[in-house]
Structures are given as C-alpha cells and as structure tokens.
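Visitor: Dumping the structure here so I can ask a few things about it.
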Amino acid sequence: MYPRLLHVGSGSDGTEDSDSSAEREQTNSSESDGNIPKRTRLTRASLRLSQSSQDVIRTRRTGLKLNVVPFFPPAHVDTPDVKQDESPPLTPTGNAPSSESELDISSPNASHDESLAKDPALRDSDKDLSHRPKRRRCHETYNFNMKCPTPGCNSLGHLTGKHERHFAVSGCPLYHNLSADECKVKATTREKHEEEAKVQEESNRHATRHQTPTSRQTRYKEQVTEMRKGRNSGLSKEQKEKYMEHRQSHGNTREPLLENITSEYDLELFRKAQARASEDLERLRIQGQITEGSNMIKTILFGRYELDTWYHSPYPEEYARLGRLYVCEFCLKYMKSQTILRRHMAKCVWKHPPGDEVYRKGAISVFEVDGKKNKIYCQNLCLLAKLFLDHKTLYYDVEPFLFYVMTEADNTGCHLVGYFSKEKNSFLNYNVSCILTMPQYMRQGYGKMLIDFSYLLSKVEEKVGSPERPLSDLGLISYRSYWKEVLLRYMYNFQGKEISIKEISQETAVNPVDIVSTLQSLQMLKYWKGKHLVLKRQDLIDEWKSKETKRGSNNKTIDPSSLKWTPPKGT
124 MYPRLLHVGS
134 GSDGTEDSDS
144 SAEREQTNSS
154 ESDGNIPKRT
164 RLTRASLRLS
174 QSSQDVIRTR
184 RTGLKLNVVP
194 FFPPAHVDTP
204 DVKQDESPPL
214 TPTGNAPSSE
224 SELDISSPNA
234 SHDESLAKDP
244 ALRDSDKDLS
254 HRPKRRRCHE
264 TYNFNMKCPT
274 PGCNSLGHLT
284 GKHERHFAVS
294 GCPLYHNLSA
304 DECKVKATTR
314 EKHEEEAKVQ
324 EESNRHATRH
334 QTPTSRQTRY
344 KEQVTEMRKG
354 RNSGLSKEQK
364 EKYMEHRQSH
374 GNTREPLLEN
384 ITSEYDLELF
394 RKAQARASED
404 LERLRIQGQI
414 TEGSNMIKTI
424 LFGRYELDTW
434 YHSPYPEEYA
444 RLGRLYVCEF
454 CLKYMKSQTI
464 LRRHMAKCVW
474 KHPPGDEVYR
484 KGAISVFEVD
494 GKKNKIYCQN
504 LCLLAKLFLD
514 HKTLYYDVEP
524 FLFYVMTEAD
534 NTGCHLVGYF
544 SKEKNSFLNY
554 NVSCILTMPQ
564 YMRQGYGKML
574 IDFSYLLSKV
584 EEKVGSPERP
594 LSDLGLISYR
604 SYWKEVLLRY
614 MYNFQGKEIS
624 IKEISQETAV
634 NPVDIVSTLQ
644 SLQMLKYWKG
654 KHLVLKRQDL
664 IDEWKSKETK
674 RGSNNKTIDP
684 SSLKWTPPKG
694 T
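Sequence positions in the sequence shown follow the working numbering and run 124 to 694.
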C-alpha cells in the first residue's frame, strides 16, 4: 500500500523556521565554544597547606651550585586574610556556595628571572632569598605527601611505564594487578609495535585506494581470527574460584582478573587503551589542568541508593574533595559522613519538597517550587542535578525560575524522581530550561511524563512551548521520542485530506520547528511540485499502535484532569 499524501497548509513557513533555527543553534554553539584561558585554582585549603609546617621546597640552579630555598605563596595572594580555622559561611540549611580564590600560576615571573640574570648583585645574593616570594610552575615539584589511594601501594611506577611515580588509581600498577617492571616491559613492547606500524603505514601510503590486502595484512587477520576462536569457551572451575577469591580479598580496591575472560588479542587492546588513557591523564596533571586527590565527587548516598556520578558539580571544596557525599533525599542538604546524615534524618521534618502540590495521581505528585521563596532548596537541587548533566550552568541564580519536582510517595515520604525548571518570564516561550530524571528512575517512563507535564502547562497557558537549547544527549533522545509519539498519535486520529503544521502545533503545544524537524527525521515530509507534502506512513503508525497495545493501561502517563494549577501572575 502506498503512503497517502496530505497537503500541508503552512509547511513552507515551518521549514524556513527550522532552517533558521538550525543556523541560530549553530551560531550559539560556536559562540559558546570560545577559547577559555586555562587556570589553576589555588584554594583556601592549598593556602593553609603552604603555611603549615610541611614546607614545599623548590630548587633553582645557579651555575654549578644548587640552592634550596623555601617556597612561599605568590606575592599577589592576600595570605594574611586567610585564617587557620576559617570556614565558609553557612546557609540556612547548613550548606554554603563554593567560594574559591583563583590564581593564574601557569607561567613563571619572566621579568623577575630576567633581572636576576642580568644583575650580578642579585645573582650573588642567593644566600638570603627567604624574604622574596617565589612563583613556581605547577609541575616543577611533586607533593610527596600525596599517596596513591590503592591500599598497600607505595606510589612507585606507572601503568604507562614512562613515569617513576603515580598518585591516582588510573596510573597504579598494583590496582591493575601488575608490577612496575611489568609495566615498563609492556611499554617497550608497545613502542616497538608502534614503530613497526608506522614503517608499514609509510610504505603503504602511496598505495591505490582500492588495493587488495597485502600478504602481511592477510596473515595478521588470520592470526587474530585464530586467537579469538576460544574467547567464548568459558572459565574452568579452578579459574572461577581463583577469580572469586581475588574479588573477596580485594573488593573494589583492585581490578578484577581479566585473563582467560576474552582472547589475548582483545585483552592486549584493552591494556593498550588503558595505558593511553592513563598517559593522557598524566599529561593533564603535569599541565596543571587536573590536580591529585581533587574535587570530583565519585558517589553520593541518596536515600536507599548509592549513585555513581557522571560529571563535576561545583560543591564547596571541603565537600567535593571527600569523593563521597551524603545527601538527604527530602531537603537535599549535603553532608560529609554517614553519622551526620543519620543524625540529620532523625530530626529532619521534611517529607516532601516545599511549595504547592499542583498534580497528584496515585503515588505520583508534582510540586511547584518558587526559586525566590525556596532559594536554598533550589540551589541544592541544581548542584545535585549537575552531577548528572553536562550542559547545566545554572547553580545559584535560581530566583527567576520555577521548579516542578516530581515525586513518588510511599509510607516514608515523597521520593525525588526528577524535575524540570522553567523561566517565569521567557522571551522565547521556552517551557523547559533544565530537565532531569534521577538515574535510579531512568528508562521507566518518568522522563516522558516530565516532558508531557511541561507541555500540559503550556496548553493551560495557551502557548506553544519548546525546550531551551542546547539539549543534552539523553534529553535530545527523550524529546525526539516524545515528539514522534505525539505526531503518530495525531496522524492515527486524523481523518482529513489536508493537514496544517499550525493546527498540529496549536493542538499539541509543540513548536512548529520541532514538528517539522521530527517529520523530516521520520521521512514523512517531502517537497513535490512546489508544495510540501506530509506522507502518512502507515507502517510507522501501525508499529506505534502495536506498542501502545502491548503497553496496556500503564500508569506512567499524565492525566490532565488531575492538574490543579493556574498560571502564575506575570507569565
């Protein structure tokens, strides 16, 4: 059966809007990707460390003599104002925004070094240099107080085999069940293979484009095929017992044993990728772009879940350097230890988000939280969301936004499922500024519920909405899936011969640009004889209908009759 052709009333306008929107998005992304100067942060903690009894020394070579002088903070850092026991002021919930002193120490003091070289008097006064503040490059000295976090490791050796010391798990030979000497041998072998590959590539550079594989390439392919034959044979009983014993004795402090799980060829490829990633991290550390033991929260304890984080979030340094954060799932206050969290939960009176409950159906509720009235809660919510969002930039300026927080209730309270924020007065009619589904509730239909709820509010406001750009990868997938479902449902119920993009937009509250882009991705929009035509693809509609039938009466849908909400004044 051929697809039906439907005339489009305002398709050309929608197409032009789509093209111009794409150009605007490309311009915005190019403007936002400007060159940002690289800086190294000197925080309160590092200033306190520099003033402690453990002085960091630096060396400076003058002729044949090597002088050792104490290292002082740079002269332009106002160190007298930094007190020993100073801590950031607390907010009403006990948490504080991050406060850091930023300092550019990426380049040495060229003018000072030049004058020292020219003036003999200055060159001979090396005996008394303690009064003079010194600047150092971040990679000129090692902080030998830092140790590898792997238990039993002495920080010697490196996974790449090219460095004498390491300070992170990524470069620890012991964590990877290797010794420092084994890493050096593997590094030498890899370098030989890389040199051979370069020679071979140079010899084949002038070969024709469609040349058949050489005899060497054919033999290599046969060898790889032979090595991969036994990779799915499984482990013997003794090997399984050995692996289980290793796991029980070391837990997460060591990498699992990988031998005999796959072929030697694939294992060597994996080891080579590990070494290359470790080398990249070491280069960033030497350049000062990352620091040892630094400010990346690895996991958070949130309710009955322990969640691995995805991205960096600007929590205060004293919390971020711990690596693990404890968060109250109701008031979102963050704490340093399990004991503090337990004491807090014993006296925390919050069982649901602040604000007004505007929707409830079954166990699902949505609360409208004003960023101006509940500033601390919204700031903590943004900091929590940044752990799982890459493009989020709003953390503390929450007053111009409304937050719609979705929860799932049980006998202990209303548990956070996800949220989306929305500007109180959006010039471009954005109905979503930021949207997040918590990781423990992903792939369960809650993301589409949040998107559907945002468009339901747009329908009540009698507006056409669209999410703010740029969308994250997961956000784009969720929105494309939602728009596809909305359009196929509309096509399934549509019985006329002519269809208008404007009518679809008014009925669904979806922006015409988003409708056109979705139709193009579904290959349902064609240009024929000077007109834009919508192809009613019955195969896609039947596929969607069958999925809807299998899904049955799913409660993961928004019921408009359960909404008790009026648009805020001034919007």
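Glycine included, C-beta positions come from ideal geometry on N, C-alpha and C. Note that the structure is predicted; figures quoted are calculated from it, not measured.
With burial defined as no fewer than 16 other Cβ atoms inside 10 Å of the residue's Cβ, what is the status of HIS316: buried or exposed?
Guide: Here residue 316 refers to the residue found at position 193 when the sequence shown is read from its first residue. With fewer than 16 Cβ atoms within 10 Å of its Cβ, HIS316 is classed as exposed.
Visitor: Could you tell me which of TRP651, GLY294 and GLY541 sits nearest to GLU402, measuring between CA atoms?
Guide: Here residue 402 corresponds to residue number 279 of the sequence shown, with the count starting at 1. Answer by Cα proximity: GLY294.
Visitor: Looking only at its chain, what residues have a beta carbon closer than 7 Å to the beta carbon of ALA303, apart from the 5 residues adjacent to it on each side?
Guide: Taking the first residue of the sequence shown as 1, we reach residue 303 at position 180. Closer than 7 Å at the Cβ level, and outside the excluded window around ALA303, lie LEU279, GLY280 and PRO296.
Visitor: Using the rule of at least 16 other Cβ atoms within 10 Å of the residue's Cβ for burial, across every protein chain shown, is ALA695 buried or exposed?
Guide: Nothing about residue 695 can be read from this structure; the chain reaches only from 124 to 694.
Visitor: Measuring CA to CA, which of LEU430, ARG612, ALA443 and GLY426 is closest to ILE420?
Guide: Along the sequence shown, one-based indexing puts residue 420 at 297. Checked all of LEU430, ARG612, ALA443 and GLY426; the closest Cα to ILE420 is ALA443.
Visitor: For HIS435 and LEU559, I'd like the C-alpha separation in whole angstroms.
Guide: Translated into positions along the sequence shown, residue 435 becomes position 312. Translated into positions along the sequence shown, residue 559 becomes position 436. Cα-Cα distance, rounded: 16 Å.
Visitor: Can you tell me whether DSSP reads TYR518 as helix, strand or coil?
Guide: Working through the sequence shown from its first residue, we reach residue 518 at position 395. Residue state, collapsed to three classes: coil.
Visitor: Nearest CA to the CA of TYR457: which residue from ASP479, LYS484, LYS474 and GLY426?
Guide: Taking the sequence shown and counting its residues from 1, one reaches residue 457 at position 334. Per the Cα distances, GLY426.
Visitor: At which residues does the alpha helix (DSSP H) containing HIS369 begin and terminate?
Guide: Position 246 of the sequence shown, counted from the start, is the residue given in the question as residue 369. Per DSSP, HIS369 belongs to the alpha helix (DSSP H) from 360-373.
Visitor: Any chance the segment 621-640 sits against the segment 667-683, with 3 or more Cβ pairs inside 8 Å?
Guide: The segment 621-640, when compared against the segment 667-683, does not touch it at the 8 Å Cβ threshold.
Visitor: In three-state DSSP terms, what is PRO683?
Guide: Position 560 of the sequence shown, counted from the start, is the residue given in the question as residue 683. In the structure shown, PRO683 sits in a helix (DSSP, three-state: H, G or I).
Visitor: Taking 8 Å as the threshold, find out whether the segment 608-627 comes into contact with the segment 538-552 through three or more Cβ pairs.
Guide: The segment 608-627 vs the segment 538-552: no contact.
Visitor: Straight-line CA distance for TYR449 to TYR602?
Guide: Indexing the sequence shown from 1 puts residue 449 at position 326. Indexing the sequence shown from 1 puts residue 602 at position 479. Each residue's alpha carbon lies about 32 Å from the other.
Visitor: Is it buried or exposed for GLU440, if we count other Cβ within 10 angstroms and need 16 for buried?
Guide: As a position in the sequence shown, residue 440 is number 317, starting the count at 1. Buried, because 16 or more other Cβ atoms sit within 10 Å of the Cβ of GLU440.
Visitor: What do you reckon, are the CB atoms on LEU424 and LEU455 nearer than 7 Å?
Guide: Here residue 424 refers to the residue found at position 301 of the sequence shown. Here residue 455 refers to the residue found at position 332 of the sequence shown. In this structure, LEU455 does not lie closer than 7 Å to LEU424 by Cβ.
Visitor: Among ASP575, HIS655, GLU391 and GLN646, whose alpha-carbon lies nearest the alpha-carbon of LEU663?
Guide: The sequence position of residue 663 within the sequence shown is 540, counting from 1. Among ASP575, HIS655, GLU391 and GLN646, the Cα nearest to that of LEU663 is on GLN646.
Visitor: CA-CA distance, ILE384 and GLY275?
Guide: Within the sequence shown, residue 384 is the residue found at index 261, counting from 1. Within the sequence shown, residue 275 is the residue found at index 152, counting from 1. When rounded, the distance between both Cα atoms is 26 Å.
Visitor: Suppose only complete runs of 4+ residues qualify. What are the alpha helix (DSSP H) ranges in the segment 414-479, listed by chain order?
Guide: Entirely contained in the segment 414-479, the alpha helix (DSSP H) runs reaching 4 residues are, in chain order, 440-443 and 461-470.
Visitor: Taking 7 Å as the threshold (C-beta atoms), are TRP473 and PHE490 in contact?
Guide: By 1-based counting over the sequence shown, the position of residue 490 is 367. By 1-based counting over the sequence shown, the position of residue 473 is 350. No, they are not a contact pair.
Visitor: Rounded to whole angstroms, what is the Cα-Cα separation between TYR482 and GLU630?
Guide: Against the sequence shown, residue 482 aligns to sequence position 359. Against the sequence shown, residue 630 aligns to sequence position 507. The alpha-carbon atoms of TYR482 and GLU630 are separated by roughly 22 Å.
Visitor: Using only the alpha-carbon positions, how far apart do LEU392 and ILE600 sit?
Guide: Position 269 of the sequence shown, counted from the first residue, corresponds to residue 392. Position 477 of the sequence shown, counted from the first residue, corresponds to residue 600. Between LEU392 and ILE600, the C-alpha separation is close to 31 Å.
Visitor: Within 10 angstroms of its Cβ, does ARG406 collect 16 or more other Cβ (buried), or is it exposed?
Guide: On the sequence shown, residue 406 is found 283 positions in, with the first residue counted as 1. Exposed, because fewer than 16 other Cβ atoms sit within 10 Å of the Cβ of ARG406.
Visitor: Can you check whether the CB of GLY568 is closer than 7 Å to the CB of GLU522?
Guide: Position 399 of the sequence shown holds residue 522. Position 445 of the sequence shown holds residue 568. The answer is no: Cβ separation not under 7 Å.
Visitor: Please list, in chain order, all residues of the same chain as SER591 whose beta carbon is under 7 Å from its beta carbon, the five residues on each side excluded.
Guide: Numbered from 1 along the sequence shown, position 468 holds the residue referred to as residue 591. Here the sequence assigns Glu to residue 591, which means Ser is not the residue at that position. Excluding residues within five positions, the ones whose Cβ falls inside 7 Å are TYR553, VAL555 and SER556.
Visitor: Distance check for PRO379 and TYR518, CA to CA, integer angstroms please.
Guide: Position 395 of the sequence shown, counted from the first residue, corresponds to residue 518. Position 256 of the sequence shown, counted from the first residue, corresponds to residue 379. About 38 Å.
Visitor: Between the C-alpha atoms of THR150 and HIS514, what's the straight-line distance to the nearest angstrom?
Guide: Against the sequence shown, residue 150 aligns to sequence position 27. Against the sequence shown, residue 514 aligns to sequence position 391. Because the pLDDT at THR150 is just 41, under 50, the model does not fix this residue reliably, and the point stays unresolved.
Visitor: Quick check: the Cα distance between SER488 and GLN362, rounded to an integer number of angstroms?
Guide: Residue 488 sits at position 365 when you count from the first residue of the sequence shown. Residue 362 sits at position 239 when you count from the first residue of the sequence shown. Roughly 51 Å separates the two Cα atoms.
Visitor: Quick one: is VAL657 buried, meaning 16 or more other Cβ sit within 10 Å of its Cβ, or exposed?
Guide: For the purposes of this step, residue 657 is taken as the residue at position 534 of the sequence shown. Classification for VAL657: buried.
Visitor: Counting only the same chain and skipping the five closest in sequence on each side, list residues whose C-beta sits under 8 Å from that of THR530.
Guide: Position 407 of the sequence shown, counted from the first residue, corresponds to residue 530. Excluding sequence neighbours, THR530 sits near HIS475, PRO476, ILE487, SER488, VAL489, PHE490, CYS537, HIS538, LEU539 and VAL540.
Visitor: Since GLU287 is in the alpha helix (DSSP H), which residue starts that stretch and which ends it?
Guide: Residue mapping note: residue 287 aligns to position 164 of the sequence shown, counting from 1. It is not in any alpha helix (DSSP H) - GLU287 carries neither H nor E in the DSSP assignment.
Visitor: Residues in its own chain within less than 6 Å of VAL587 by CB, not counting five upstream and five downstream?
Guide: Position 464 of the sequence shown, counted from the first residue, corresponds to residue 587. Cβ neighbours of VAL587 beyond the five flanking positions: SER628, ALA632 and ASN634.
Visitor: Under the three-state reduction of DSSP, which class applies to ASN534: helix, strand or coil?
Guide: Within the sequence shown, residue 534 is the residue found at index 411, counting from 1. Here ASN534 sits in coil by DSSP.
Visitor: So is PRO683 buried or exposed if we call it buried at 16+ other beta carbons inside 10 Å?
Guide: On the sequence shown, position 560 is the one that residue 683 refers to. Exposed, because fewer than 16 other Cβ atoms sit within 10 Å of the Cβ of PRO683.
Visitor: CA-CA distance, THR341 and GLN323?
Guide: For the purposes of this step, residue 341 is taken as residue 218 along the sequence shown, with counting starting at 1. For the purposes of this step, residue 323 is taken as residue 200 along the sequence shown, with counting starting at 1. Their Cα atoms are separated by approximately 14 Å.
Visitor: Kindly identify the DSSP beta-bridge partner or partners of SER589.
Guide: Residue 589 sits at position 466 when you count from the first residue of the sequence shown. DSSP output for SER589 lists TYR553 as bridge partner(s).
Visitor: State the DSSP-derived secondary structure class of ILE384, mapped to helix, strand or coil.
Guide: Residue mapping note: residue 384 aligns to position 261 of the sequence shown, counting from 1. ILE384 falls in the coil class under three-state DSSP.
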